[in-house]
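Here the structure comes first, spelled out in structure tokens, and everything after it is commentary.
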Amino acid sequence: MSYLEVILPLPLPGTFTYRFSDLLYPNPQIGARVVVQFGKRKIYTGIIHSVHNETPTNYNPKEILDLVDQEPVLTLQQLQFFEWMSSYYMCTLGEVINAALPAGLKISSESILSLHPETVIEDLDLTEKEQSIINHLLSGDIKMSEVNKILDIKSPYNHVKNLKEKNAIQVFEQVKDKYAPKKETWIRLSKPHATEDGLDSLSAELEKKIKQLDVLLAYLRLVPLLESPSSNEQGISKKELTQSAISPSSLKTLIKNGVFEEWEKTVSRLDGMKASGTQQINLSPAQAQARKGILESFQSKGTVLLKGVTGSGKTEIFISLIQDILENGGQVLYLLPEIALTTQIIKRLAKVFGDQFGVFHSRYSDNERVEVWQKIQKGEFNFVVGVRSAIFLPFNDLSLIIVDEEHETSFKQYEPAPRYHARDAAIYLASIFHAKTLLATATPSLESYHNALEGKYGLVRLDERYNEAILPNVTLANLVKERKQRKIKGNFSSALIEAIERVLEKGKQAILFQNRRGYAPYLTCQNCGFIPKCPHCDVSLTFHIHQNLLICHYCGHKSEMLSSCVQCNSQELKTMSFGTEKIEEELQLLLPNARIGRMDLDTTRSKYSYQKIIDDFERGDIDVLVGTQMVSKGLDFDHVELVGVFDADRMIHFPDFRSHERAYQLIHQVSGRAGRRADQGHVVIQTNDPEQAIFSHLKRQDYESFFNREILERQQFHYPPFYRMIRITFKDNEKQVAGNAAQFYSKQIRKQLGDMRVIGPVEPMIGRIRNQYLFDITVKFEKHGLNLTALKEFLLNSRNMLLSQQLYKSVKVIFDVDPV
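Quick note: the sequence shown uses our numbering, first residue 2, plus one each step.
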């Protein structure tokens, strides 16, 4: 008997043993999918991890239900990468597989009802509804989802359960592959009519049937049959033909009469998403020098950091490097932090590469992502642009990974596991293929820049903007001073309003950055101080004026806007602070003739909404674009001359050791959207304290001095890049249980690690999310001199010991390695 070790997409450690028949499934491949039963009723798609002949001694393995693939869907390099990710990020291999495989490659199961072959229905005492189910089963099997329609009730499960207990029916799982190729109906002229003589005869025949003749002429306009007879064989999609103002009923008649023939054709869902082009890339002397420096650094380093100021033309360097790799038959992965950024980059890449590359992100449907996956496997795509999840794709000859805006926190996965950082994972993935990794940004993460200065990475600088564009001038608007002088209008300083007016008079554009969506972060009663809070999370509800709703940004809970206080019935309710919606509204009142757009999570939920906003802004249909951090990330607009930054103080004083780094990066990056062509841009930062040291660095665009100041504090207080961190979060529906579990765990690990390495447990700033109470422990330890693998094993074993206690069985313990 032969056996398979199968990885199941579940948060359970290890692999699971199943047997299979060599006759039914000869030579199953590692990395192929199998359908297996797990437990009594569950059906899962597993991945073959290994094949062996060792019979388990203490149990009898179940047999696989089906082998889905003759060829693997996962490569050996992917499995190696997934095992590293499982080990490094302290999660199960099943959790990695679940995150990696597109939903379309997973098998779904649905319960099917069937008559029991050995039961005599006439002998059973059946209710009216049970008899109704049986009557339908006499005609054949039915799906569980159809039973509620048959009985006209919402919940048919009790009736099904009773029939099963009476042995009247069997319930089993029907397995279906979720991915289905896209099919379209195509048409062409039938062979007798697809000649010059045949067309003449047909035209004469249809002379008095005007609408049918219109169909024929529309077809000939789209398919040049006489100039290219072979084009008729290929035909045209029925959808395209019917869009040319013809009569669908006339087309139907012509098909029925044999003039046209129709058939189903499998088409790619990805066709037509990108325009083709053959634009040439010409590098400036500075760009050519940077490219040369990157290639020289790659001779001795696996990873190179390109530190290029905003607007320096890093993308053109990437394109040049990508062209070299593709000409030599290698594969390239280009990682971007946000879908919003992919929208504009894809248009630029299409001008050079046409449609010869894939795009992979969550706004694509499941089936579209499967098609990208399959095209990479088949070698049809050797170049892919994607967000962090693109590191899971099945490359087989990866030569270069580009991580653009490498400092971005969007590269970190928070929920669910694996809680990986795509930049760090990309470096390991590249090492598997002996490939190179290029990190690029104007504001490197402190860890990456430290690694470059220490010689672990290569370092290349690009210090001048493309086409000699000048870096923007930075002005600080003192809000305290303006309030005293009563110059502030709403949340706008006079300096910012005047700057916007000047820009609009010149026919230029502005970007306003506020890293909070919604109208107001919270609502308060002026009489009793009541603040509406989420019933499931320890946060205030954010007011969204366009929906007139109070919304929780953590769990999505929504409630109607209050007309009076629920505690004292007072109608003195006031919105506090401000988000992007409020800025948009205030600006429309201050500048009624300005065309204002907004780009945040609320305005970009649909598939192509990013594209529409960016296109409108590029065309000049929007004068001022208000947005969250989406507007700070690598976008390139010709006519933006002004950037306004709101609420800078909140970013700087956020209680986190990375707050200064993040504030510097965000403000610097959004500032870089201004003045990217001939005219110098202008940045206005609104603050209550213009004397803060971070502003002097920002005004001078002086990353080095900021880095030198910040890195000393990191070293002094034992933070990355000098120390490593692992955050351990304890969750439970009961606050006391979660707190006690965290206390128990911290005592256990302190015995081995000591008090200096273990911080907490502490209740985080937001102590309850989705009705789960949270407590955090942070393990902070030196980068050298400690066995990292042994430490992680010790922490996992301590977790297992905690969960073996009856009191703490309900607690969820989550590990976040290298938290961001």
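Where is the CB? At the ideal position from N, CA and C, for every residue including glycine.
#### Entry: Member of Lys485, Asn492, Leu497, Arg466 whose CA lies at the smallest distance from the CA of Thr476
That would be Leu497, whose Cα lies nearest to the Cα of Thr476.
### Message
Just to confirm my understanding: we take Ile151, look at its own chain, exclude 5 residues before and 5 after, and list those with CB closer than 7 Å. What are they?
### Response
The beta carbon of Ile151 sits closer than 7 Å to the beta carbons of Ser133, Ile134, His137 from its chain, once the five residues preceding and following it are set aside; these are given in chain order.
### Query
How many angstroms separate the CA atom of Lys813 from the CA atom of Gly557?
C-alpha separation (whole angstroms): 22 Å.
### Task
Check Ser245 in the structure and name its three-state DSSP category.
Residue state, collapsed to three classes: coil.
### Query
Out of curiosity, what's the CA-to-CA distance linking His669 and Ile113?
If I take the Cα positions, the gap works out to 58 Å.
### Message
Please report the straight-line C-alpha distance between Leu463 and Gly314, rounded to a whole angstrom.
### Response
If you take the alpha carbons of Leu463 and Gly314, they lie about 9 Å apart.
### Task
Would you grab the beta carbon distance between Phe493 and Leu563 for me? Rounded to a whole angstrom, and I think it's under 8 Å.
The C-beta distance from Phe493 to Leu563 rounds to 27 Å, too long to fall under 8 Å, and the pair is not in contact.
### Query
Apart from the five residues on each side of it in sequence, which residues of its chain come closer than 7 Å, Cβ to Cβ, to Ile8?
Answer for Ile8: Thr16, Gly47, Ile48, His50, Leu94, Gly95, Ile98, listed in chain order.
### Query
In chain order, what residues of the same chain have a beta carbon less than 6 Å from the beta carbon of Phe707, not counting five sequence neighbours either side?
Apart from sequence neighbours up to five positions away, the residues of its chain that approach Phe707 with a beta-carbon distance below 6 Å are Tyr665, His698, ordered along the chain.
### Task
Note the first and the last residue of the continuous alpha helix (DSSP H) segment covering Tyr523.
Judged by DSSP secondary structure, Tyr523 falls outside any alpha helix (DSSP H) and instead within the beta strand (DSSP E) spanning 523 to 526.
### Message
Contact defined as beta carbons within less than 8 Å: I believe Thr76 pairs with Gly105. What is the distance between those atoms, to the nearest angstrom?
### Response
At roughly 18 Å, the Cβ-Cβ gap does not stay under 8 Å, so Thr76 and Gly105 are not in contact.
### DSSP bridge partner residues for Met562 (one or two, in chain order)
For Met562, DSSP assigns no beta-bridge partner whatsoever.
### Message
Please report the distance separating the alpha-carbon of Glu317 from that of Ile346.
### Response
So the two alpha carbons sit approximately 11 Å from each other.
### Query
Measuring CA to CA, which of Ile623, Pro57, Tyr4 is closest to Val37?
Nearest C-alpha to Val37: Tyr4.
### Task
With DSSP as the reference, label Ala431 as helix, strand or coil.
Note: Ala431 maps to helix in three-state DSSP.
#### Entry: the stretch 787 to 804 / the stretch 742 to 761 touching (three or more Cβ pairs under 8 Å)
They touch, by the three-pair rule.
### Query
In this structure, does DSSP put Asp325 in helix, strand or coil?
Helix, per DSSP.
### Query
Below 8 Å between beta carbons: does that hold for Gly359 and Ile340?
No; because the gap between Cβ atoms is not below 8 Å, this pair is not in contact.
### Query
What are the boundary residues of the alpha helix (DSSP H) that Thr581 is part of?
Here the alpha helix (DSSP H) through Thr581 covers 581 to 591.
### Query
Taking C-beta to C-beta, are Ser449 and Leu439 nearer than 8 Å?
In this structure, the beta-carbon distance from Ser449 to Leu439 does not fall below 8 Å.
### Of the listed residues Gln548, Cys526, Ala100, Val481, nearest to Pro12 (C-alpha basis)
When only C-alpha atoms are compared, the closest one is Ala100.
#### Entry: Phe437 burial status per 10 Å Cβ neighbour count (16 or more: buried)
The sequence as given places Lys at residue 437; Phe does not occur at that position. Lys437 should be labelled buried.
### Query
If you draw a straight line from the C-alpha of Ser245 to the C-alpha of Ser238, how long is it?
Cα to Cα, the separation comes out at about 12 Å.
### Task
Would you list the one or two residues that DSSP bridges to Gly259?
Answer is none; Gly259 lacks a bridge partner.
### Task
Under 8 Å by Cβ, that's how I've got Thr311 and Ala443 pegged, so tell me the actual separation to the nearest angstrom.
Indeed they touch by this definition, with Cβ atoms about 5 Å apart.
### Task
Could you say which of Asp657, Gln630, Gly303, Asp639 lies nearest to Gly645 if we only look at CA atoms?
From the listed residues Asp657, Gln630, Gly303, Asp639, the smallest Cα separation to Gly645 is found for Gln630.
### Task
Give the secondary structure of Met274 by DSSP, where H, G and I count as helix, E and B as strand, and everything else as coil.
Because Met274 carries a pLDDT of 47, less than 50, the predicted location of this residue cannot be relied on, and no value is offered for it.
### Message
Relative to the C-alpha of Arg518, which candidate in Thr581, Ser495, Ala791 has its C-alpha closest?
### Response
The shortest C-alpha to C-alpha distance from Arg518 to any of Thr581, Ser495, Ala791 is the one to Thr581.
### Task
Please work out which residues of its chain come closer than 7 Å, Cβ to Cβ, to Val371, disregarding the five sequence neighbours upstream and downstream, and give them in chain order.
Correct list, in chain order: Pro103, Gly105, Leu106, Tyr180.
### Message
Check for me: the alpha helix (DSSP H) holding His669 runs from which residue to which?
### Response
Note, His669: alpha helix (DSSP H), 660 to 672.
### Among Ile392, Thr304, Lys183, Leu80, the one whose alpha carbon lies nearest that of Glu455
The residue with the shortest Cα to Cα distance from Glu455 is Thr304.
### Query
What did DSSP end up calling Leu750 once you bin it into helix, strand or coil?
In the sequence as displayed, the identity of residue 750 is Ile instead of Leu. DSSP places Ile750 in helix when its eight states are reduced to three.
### Query
Looking at Ser115 and Asp142, is the spacing between their C-beta atoms short of 8 Å?
Cβ atoms of Asp142 and Ser115: closer than 8 Å.
### Proximity winner among Val625, Val148, Pro593, relative to Arg599 (alpha-carbon distances)
Minimum Cα distance to Arg599 is reached at Val625.
### Query
Where does the unbroken alpha helix (DSSP H) through Thr790 begin, and where does it stop?
Segment 789 to 804, the alpha helix (DSSP H) holding Thr790.
### Task
With a floor of 3 residues, list each beta strand (DSSP E) that falls wholly inside the stretch 177 to 224, ordered by position along the chain.
Taken in chain order, the unbroken stretches of beta strand (DSSP E) that lie wholly in the stretch 177 to 224 and span 3 residues or more are 183 to 190.
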